[in-house]
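Here the structure comes first, spelled out in structure tokens, and everything after it is commentary.
2 protein chains.
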Amino acid sequence: DYPRKSGQILSGQYGINLLLLGFAFMLGVSYHGHSIKEKHLVSYITTLMLMQLLWMLWYIVRKDRQKHALPEKDAHAGTSWLRGGLTILAMLSLIMDAFRIGKYVGYKACLSSALVVYPVVHAIHTISQVYFLWFHIKDVIKTFETFERFGVIHAVFTNLLLWCSGAMTESQNVLDAHKKRLSALGFMNYTYESHEPYCNCTTKACSMFSNSLYYLYPFNIEYHIIVSAMLFVMWKNIGRTIEHHQHHIKKKPVAKTAGLVAGPILGFVALAGTIGVLVVYLIQVEATLETRTWAIHMFYQHGIVLMGSMFIASTLGLIIYRTDSWPQDSSKNPSRQLDKELLCGSAIGSWIMSWCGVVAAVASHSEPSYRWTNLAYSLLLVLEKYFQNLFIVESLYLKQEDEEEGSAREVEEGVERSGEAGMSSSRIFSVTSSSTQVPPYDGIINQAFVTQEKMCISLDGSQVKNSHLYQYQCQTPQDSPPLPAVSRTAAALNRKRQILRNIAVFLVLCNSALWLLPAFGCRPQYDNGLEQETFGFAIWTMVLNFAMPLNLFYRMHSVASLFEVFCHV
Amino acid sequence: DYPRKSGQILSGQYGINLLLLGFAFMLGVSYHGHSIKEKHLVSYITTLMLMQLLWMLWYIVRKDRQKHALPEKDAHAGTSWLRGGLTILAMLSLIMDAFRIGKYVGYKACLSSALVVYPVVHAIHTISQVYFLWFHIKDVIKTFETFERFGVIHAVFTNLLLWCSGAMTESQNVLDAHKKRLSALGFMNYTYESHEPYCNCTTKACSMFSNSLYYLYPFNIEYHIIVSAMLFVMWKNIGRTIEHHQHHIKKKPVAKTAGLVAGPILGFVALAGTIGVLVVYLIQVEATLETRTWAIHMFYQHGIVLMGSMFIASTLGLIIYRTDSWPQDSSKNPSRQLDKELLCGSAIGSWIMSWCGVVAAVASHSEPSYRWTNLAYSLLLVLEKYFQNLFIVESLYLKQEDEEEGSAREVEEGVERSGEAGMSSSRIFSVTSSSTQVPPYDGIINQAFVTQEKMCISLDGSQVKNSHLYQYQCQTPQDSPPLPAVSRTAAALNRKRQILRNIAVFLVLCNSALWLLPAFGCRPQYDNGLEQETFGFAIWTMVLNFAMPLNLFYRMHSVASLFEVFCHV
């Protein structure tokens, strides 16, 4: 059998090379030369998808045969709400495939047949992949390791390539729209060449299909990158030994939503405001030169307010974490590790745009009205991502409320774990609470009471002597009444958790809003002209082509992570 | 105190933003516009270097005061030969700084004073950094964690930025040389603009300084990236708890060099041949169009032979690993982890060039003589890196010979380790050997005999009953004579280790040769025209500007890793 580390390198390198060959095709397509056409790229991707289909089929059939053997599962991989969200995105992708086929029918005379095979295979691929995600993404593979690694990494990089190629097409669309807009406004030094097929459409729906495709692209792109991340976690899990001390006590959702007022309200205000800005921007930026400047100015002002409040919210969350010593969870968890790396990695896209904006605003020789608002916006954007990432990561490394309860039960079972796990269990913060007669303090449902009876233990039967003893002290009803100070601590902790949940919801909504803006064409980085003056059109377009897809992914990914924070806190 | 994971994110994000701001300056400089000039970039880098100097000073002074407290050290970080190599590179960097100052003196009239402050600060920075690397790189920091993290990550990203800016300048130089060459050959559609200062030199040595700088750049660039990687390991080590079971028994070097014949000879032949090819290429590619084609063809043929033999050598090594179950070392080791990631990460640069070459060779409409040799060369390059990486990673995860001996001693000490570490020690392969009277088998120096007396233990005094018992069985001289089969196994293992060492030396020399070629201007990717035809000049130059520095780093890094493999096996 192949050693684990070598198996990872062996398959990882295979995946990287798959992607790079696709990337070489993409570069050829984006040159619009004579050698490499879109059909070549599309044929290559279709081949990869077919290979993935075959592998998934083989995997599912084999798993179904082994139904008696209960497979090991990684509880952290692919939460059900994430899979639900992906299913919606996958449906939108299916609609997109239908539109693509419709477009092909219209332009049949001058399009290669590869362009109709692609959406058909893509639709089958999407359906099977969603099935696979629902029933197998949590599997921890233990047999045929090396072969399975190749299968999973093939799936990861096929989806990554689909993301890249989607992002490239979208950047191309946006750039075309931008050039069209500029030439409509009278800047004629940009030559606009259409990338539409060279024949007339035979059906009436062609332009409808083309325009709708433009709006569906963002969803398709996010679908592929998120699937790719989930499959990557599955790949990391291959051959892993899961520690069996994950207790998942189902909670009543009421506990989570109690006290959720300020966060959702402010968040929806931000979302509605952003949609308004989006619509106004798209209309005004095409009208005249004056309204164009005004629209850009408005965008930055709106951005400053939004970034400022998000920055304040994240900082508040971080301050709450600093005020108490919250219990940390340091157990091994590849999903969380990946989440962390993806957050910081994809933030790079937005940061590089921001720093370019800062440099351009300071160094520019022209003086548009939005010069200094651009500077302020860029700096706030850097800060906002910095502190939001910190807040998310700290929250994800927090010990979950129900896990705290779970570890009390472990003590009961006499489980003595060594090393890291042991350390984390000994650091559990005291949420000491007592007899069930005491009503929930201050109207808040205290989770520590709900499942207490089931797991009540007495370490040595004595009173709490040392208030610094960070361990559960569960007293039976016949014991003395609780110390009021301790009860107050629990309530204060609970109120803090509520504030954190409000912050999480607020940030979820703000990040959704900030995803909407660039996804639907509100990209002042193209329109403001400052960066273009400093870096030149070619370099700045290159930066945007790299950074924009990362930025979109960052927002989508932070929404997912913040939702997890909300469930987690 | 700040939690560890948050501390990492906090400082890591700071470092990324430092780099990105520098990157924004670099983009501005590479546009050659009116806003951002070289002096701005250089001032920014100088500021960063001064900050790093202050931090290093503070750190060294503080450590010197605490001399009584023996600091914890990570034995794997920054081996002495690596530090020695870096010292040589640093000296070449110092010569470069001197040349830069000399150049400034010549052009004083029209250069900003920032351009003389920079080499002076860089020289001081280089000297202090080398001192820091010699005496503090192994430190495992346990106090002031969050502050120290900022200091170390600042140093990491300052060096990374110095690498980026060096790589950019070098790419610019190569591109200029390429354009000059093309216009000399009569391709006048490339406008060649000089980036020399706009005034006459006042001293006689200016052109000498400029030309020498060109040859010193590659060393300076490698210096910064390797320092950056070493400091990154130091950053990862902050707050880490080192397991204290690293036994480092000094070996006689004779054991390592015995039987080293084929590897060094073949390697030196390859190195000499490559230097020949380099000289001939550089002369012929500038002469006429015919010799140009011939030179490119020769380059690819030479490359095919070299890549082919490297591929065979790595595969042979991997086959040797598959024939026996070699003991694996799975202990935690951030340097090794980073080595692995850097190898695969930097290979991407060369792979993307290769795949572009493959696509271009297949899709091209022109028919130069080197079309198919280019294809074969590109494919072999992909395979060579793929298997070389595998070979290096497998070798690094091998349990070291002297560690195997060390773990026998551990048994003696009654050390019972739990978890992963325990697993690895129980998987040690049987190198059962017996009384010292038996002469070394087959003329090969058997390491198992050399240090045997010192650590001989008897588990229970009885004979080896179960031949599958994978543990040391050390018999005292008064025991029965050894089983000849077992002795033969040990000798066979030793012969295999010799073959592996030969392979490592051969690959070290080949990789050095392959570093020399692009570092000194032999870059047929610019000259062959195939990729340029398929991807266009702008895109292809962009790809090369990204991939070439990575490729150079890959070769330098694989030389270092393979040298470690040689010491390790």
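Chains as they are written, first to last, in our numbering: chain Z, 2 to 570; chain G, 2 to 570. Virtual Cβ for every residue (Gly too), placed ideally from N, Cα, C. Source: prediction; values computed, not measured.
Compare the beta carbon distance of Z:Met557 and Z:Glu223 with 7 Å and say whether it is the shorter of the two. yes
Closest by C-alpha distance to G:Gly350, when choosing among Z:Asp340, Z:Leu22 and Z:Gly8: Z:Leu22
For G:Asp140, the residue or residues it bridges with in DSSP: G:Lys74
In chain Z, which residues lie less than 7 Å from G:Val383 when you measure between Cβ atoms? Asn18
Please confirm whether G:Asn160 and G:Val228 have their CB atoms less than 7 Å apart. yes
Verify whether the separation of the beta carbon atoms of Z:Val141 and Z:Asn238 is less than 7 Å. yes
Paired residues, beta bridge with G:Gln329 - DSSP: G:Leu399
Does the beta-carbon of G:Trp356 have 16 or more other beta-carbons within 10 angstroms, so that it is buried, or is it exposed? buried
For G:Tyr322, the three-state DSSP class (helix, strand or coil): helix
Quick one: Cα of G:Gln338 to Cα of G:Gly240, how far? 17 Å
What's the call for G:Trp56, buried or exposed, on a 16-neighbour Cβ count within 10 Å? buried
Buried or exposed: G:Cys523, going by 16 or more other Cβ atoms within 10 Å of its Cβ? buried
8 Å Cβ cut-off: residues of chain Z touching G:Pro4: Gln329, Glu395 and Tyr398
Would you check if the region 275-289 of chain Z and the region 509-528 of chain Z touch, i.e. whether three or more CB-CB distances between them fall below 8 Å? yes
Hey, would you say G:Leu118 sits closer than 7 Å to G:Thr204, going by beta carbons? The sequence shown places Val at residue 118 of chain G, rather than the Leu named in the question. Remark: C-beta atoms of G:Val118 and G:Thr204 do not approach each other more closely than 7 Å.
Can we say the region 284-304 of chain Z touches the region 363-377 of chain Z, given the rule of at least three CB pairs closer than 8 Å? yes
What does the alpha-carbon distance come out to for the pair Z:Glu73 and Z:Ile102? 41 Å
For Z:Ser562 versus Z:Asn512, is the C-beta spacing smaller than 7 Å? no
So, for Z:Ile96: in the same chain, excluding its five sequence neighbours on each side, which residues have a beta-carbon less than 6 Å away from its beta-carbon? none
Residues of chain G with a CB under 9 Å from the CB of Z:His366: which are they? His35 and Ser36
Helix, strand or coil for Z:Cys200? Go by DSSP, reduced to three states. coil
Which of helix, strand or coil does DSSP assign to Z:Asn503? helix
Could you spell out where the alpha helix (DSSP H) holding Z:Val359 opens and where it closes? Here the alpha helix (DSSP H) through Z:Val359 covers Pro335 to Ala364.
Please classify G:Thr374: does DSSP put it in a helix, a strand, or coil? helix
Euclidean distance between Cα positions of Z:Ser94 and G:His33: Taking the CA atoms as reference points, Z:Ser94 sits about 43 Å from G:His33.
Quick one: is Z:Tyr387 near chain G, going by C-beta distance under 7 Å? The C-beta of Z:Tyr387 comes closer than 7 Å to at least one C-beta of chain G.
What separation, rounded to the nearest whole angstrom, lies between the Cα atoms of Z:Leu261 and Z:Leu382? Rounded to whole angstroms, the separation of the alpha carbons of Z:Leu382 and Z:Leu261 is 26 Å.
Who are the near neighbours of Z:Lys386 in its chain, counting only those whose CB is closer than 8 Å to its CB and skipping five residues on each side? Once the five neighbours on either side are set aside, the close Cβ partners of Z:Lys386 are Ala348, Ser351, Trp352 and Tyr555.
Could you please give the first and the last residue of the uninterrupted alpha helix (DSSP H) stretch that includes G:His69? Segment: none, G:His69 is in no alpha helix (DSSP H) and carries neither H nor E.
G:Val360 versus chain Z: which residues are under 7 Å apart at the beta carbon? Ala25, Phe26, Gly29 and Ile37
Suppose contacts are defined by Cβ-Cβ distances below 7 Å. Is Z:Ile89 in contact with Z:Met231 by that definition? no
Is it true that the CB of Z:Gln329 sits closer than 7 Å to the CB of Z:Tyr378? no
Starting from the C-beta of Z:Val451, find all residues in its chain whose C-beta is less than 6 Å away, skip the five residues before and the five after it, and write them out in chain order. Below a pLDDT of 50, predicted positions are generally treated as unreliable, and Z:Val451, at 39, falls in that range; no measurement from the model is reported.
Who are the neighbours of G:Trp352 on chain Z, taking C-beta pairs under 8 Å? Ile17, Asn18 and Leu21
For Z:His569, which option in Z:Pro219, Z:Ile393 and Z:Ala493 has the closest C-alpha, if you only look at C-alpha atoms? Z:Ile393
Along chain G, in chain order, which residues have C-beta atoms closer than 9 Å to that of Z:Asn390? Ile10 and Gln14
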